[in-house]
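Let me begin by presenting the structure, written as structure tokens, before commenting on it.
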Amino acid sequence: MHLIVGLGNPTKQYEGTRHNVGFETIDRIAAENQIRVEEKKHKALYGSGYIEGEKVILAKPQTFMNLSGESVRELSDYYKIPAENIIVIYDDISLDVGQLRIREKGSAGGHNGIKNIILHLGSDFARIKVGVGEKPEGYDLADYVLGRYSAEDRKIIDEAQKEAAEAVKMMVMDDVRGAMNRYNTKKKA
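Anchor point for the sequence shown: position 56 equals 66 in the numbering used here, and the numbering is continuous, going up by one each time.
In structure tokens:
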């Protein structure tokens, strides 16, 4: 079984923001695989189903970004899912808009949601970083990641979420390296 977690912030106020790209990607994966992400438990909205015949839990932590690890840990413990079977999808400001970067494990890279997950689980979980672009000079980082996309960037992000959903399929079939080879090399225009 795999736990696939999209990071974001709950409440309508944060819908459509750069920081919620993980939530949006989970919604896309859920729709494509007829998985209802409606259960409220373990500090998350979550649901279970199958991707490519493999059992998965899709989750959107409801703790707000900086405490995401609390929810991920509760789900991991309850379903007895080891860290190496967890995939976390989140925003990355060091990547161009729509660029994906898949890793088998690693550091937080300055992302507070990932820092908190590492605090609770260690760093042996896979991740899909979705580029939201570098913050413009003079912008406050929080204002930037909590801001919304331009119409042009929105189209690029929609395509990136489609690719992230395809990468998840490969990853649950134990082809993390294949997903890395396919999606880490792609550059966005």
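Each residue gets a CB set at the ideal place from its N, CA and C atoms; glycine is no exception.
Computed from a predicted structure; not experimentally measured.
In this structure the stretch 27-35 does not lie against the stretch 88-96, because fewer than three pairs of beta carbons, one per stretch, are closer than 8 Å. For Asn126 against Gly79, the beta-carbon gap comes to about 4 Å, under 8 Å, which counts as contact. Following the DSSP letters along the chain, one finds Lys50 inside the beta strand (DSSP E) bounded by residues 49-51. A Cβ-Cβ distance of about 7 Å is found for the pair Ile99 and Leu17, placing them in contact under the 8 Å criterion.
In the DSSP assignment, Lys65 falls within the beta strand (DSSP E) that extends over 64-71.
For Gly57, the beta-bridge partners assigned by DSSP are Leu68. Annotation: the continuous alpha helix (DSSP H) that includes Tyr88 extends over 78-89. Scanning its chain for C-beta atoms nearer than 7 Å, with the 5 sequence neighbours on each side dropped, one finds around His130 the residues Gly79, Glu80, Val82, Arg83, in chain order.
Annotation for Ala174: the continuous alpha helix (DSSP H) segment containing it runs 161-182. Around the C-beta of Gln23, fewer than 16 other C-beta atoms lie within 10 Å, and the residue is accordingly described as exposed.
The three-state secondary structure of Ile45, taken from DSSP, is coil. Secondary structure at Asp37: helix, using DSSP grouped into helix, strand and coil.
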